[in-house]
Amino acid sequence: MKVMIVEDEMLLAMELESEVEMAGHIVTGLAMSSTQARQQIGSSKPDFAFVDIHLMDGPTGIDVGRELAASGIPYVFVSGNIKKIPDDFAGALGAIEKPYTMRGMKNALAYVSAIIQGDESGSPPASLVLADDANAGRRPA
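So in UniProt numbering, the last spot in the sequence shown is 141, and the numbers never skip.
Spelled out as structure tokens, the structure:
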């Protein structure tokens, strides 16, 4: 699977890149701003993306996410404050809250990879908050 990483903290981006590659996937690129992300969406055609909400040019990760969703590219937010994610999750599959463990990220990547390949038999790992689950908690009873 080709994975794009949208993260403005270089150390986190590099750690995530290493995890993605060790899991057998290809990193199509690292983007630190919405401008870089938009360029990569068009040029690298990723199968999936990890997207931080706050990038070098501000809280523009949500806009990047909406563009990914509009392009049919599934993605997961990675953020220190998942409460900033809109109620509709901007089309994301879910979110992983920082700080995360590499094991949690690896488990989330394996789950998402299976979903993208059409295998929905697995259970989501604790590290991944699915959009449907988060929205169920926000809806009035």
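Even for Gly, the Cβ is constructed at its ideal location relative to N, Cα and C.
The residue among R103, I85 and V3 with its C-alpha nearest the C-alpha of A37 is V3.
Residue pairing for I26: DSSP places it in a beta bridge opposite K2. In the DSSP annotation of this structure, the continuous segment of the alpha helix (DSSP H) that includes Y111 starts and ends at M102 to I116. A23 places its beta carbon 7 Å or farther from that of F89.
Counting C-beta atoms within 10 angstroms of its own C-beta, Q39 has fewer than 16 neighbours from the protein chains shown and is therefore classed as exposed. Of the residues assessed, T101 falls on the exposed side of the cut-off, its CB having fewer than 16 other CB atoms within 10 angstroms. Here S127 really is in contact with A108; their C-beta atoms are around 5 Å apart, less than 8 Å. Residues of the same chain with a CB within less than 6 Å of the CB of L30, apart from the 5 flanking positions on each side, are I5 and A13 in chain order.
Between the C-alpha atoms of G80 and I53 there is a straight-line separation of about 9 Å.
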